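One structure is given here, and the rest of the page talks about it.
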Amino acid sequence: MDKNEIVKAARRLPVESRRLIIEQLRKSIEWDETKDRAEVRLAELIPLACEALGVQEYDPRRKENADTYVRNLCAWAMRREGYSLPRIGHAMVRHPSSVIVMDRRGEEMRRGFFGQDLQLKFYDFAKNVKLYDND
Numbered sequence: 119m120d121k122n123e124i125v126k127a128a129r130r131l132p133v134e135s136r137r138l139i140i141e142q143l144r145k146s147i148e149w150d151e152t153k154d155r156a157e158v159r160l161a162e163l164i165p166l167a168c169e170a171l172g173v174q175e176y177d178p179r180r181k182e183n184a185d186t187y188v189r190n191l192c193a194w195a196m197r198r199e200g201y202s203l204p205r206i207g208h209a210m211v212r213h214p215s216s217v218i219v220m221d222r223r224g225e226e227m228r229r230g231f232f233g234q235d236l237q238l239k240f241y242d243f244a245k246n247v248k249l250y251d252n253d
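Count along the sequence shown from 1, then add 118; that gives the number in my numbering.
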């Protein structure tokens, strides 16, 4: 569909419908502008997660428990902040399906499935990133 066809189709719509479409387009553009910086947000979250977990040296390539816990916390927080799976995956250099698993593991940490010690560390992290909830 070329530009002229779109304009013709839009002219047939009532004015209120056109306004609604324009407003939705504006919101989607604003959303994209604020969420384009997943790499920056990840870089902000990693030190907070390391501090909460007591991790001295984080390596994004390692698959040891401490490093995966850091990624789990970051993925969990970024999903709650509205980042998409592909954006988080791109920032972490992981496949989006891995982000789903990391988000689930973060939720399991929150619920205490990995023990009370990790649950308390999770809540320390969540308080620092202003995502704390009481349930």
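Even for Gly, the Cβ is constructed at its ideal location relative to N, Cα and C. The model shown is predicted, which means the values in this text are computed figures rather than measured ones.
- Query: For Arg228, which residues from the same chain have a beta carbon less than 8 Å from its beta carbon, with the 5 sequence-adjacent residues on both sides left out?
  - Reply: Trp194, Gln237, Phe240, Tyr241 and Ala244
- Tyr201: first and last residue of the uninterrupted alpha helix (DSSP H) it sits in: No alpha helix (DSSP H) holds Tyr201; DSSP gives it neither H nor E.
- Message: Please tell me whether Cys192 and Ile218 are closer than 8 Å, where the distance is taken between their beta carbons.
- Response: no
- Please name the residue in Met220, Cys168, Val158 and Asp221 whose C-alpha comes closest to that of Asn246. Cys168
- Residues of its chain near Leu171, where Cβ-Cβ distance is below 7 Å and the 5 sequence neighbours each way are ignored: Ala184, Tyr187, Val188 and Lys239
- Message: Less than 8 Å between the C-beta atoms of Asn190 and Gly224, yes or no?
- Response: yes
- Item | Exposed unless 16 or more other CB atoms sit within 10 angstroms - verdict on Asp177 | exposed
- Task: Look up Tyr176 in the DSSP assignment and say whether it is helix, strand or coil.
- Result: coil
- Would you kindly check if the distance between the Cβ of Ala209 and the Cβ of Leu160 is under 8 Å? yes
- For Glu123, the three-state DSSP class (helix, strand or coil): helix
- Proximity winner among Asp235, Leu203 and Gly233, relative to Met220 (alpha-carbon distances): Leu203
- Considering only C-alpha positions, which residue in the set Arg197, Val211 and Leu166 is nearest to Arg180? Val211
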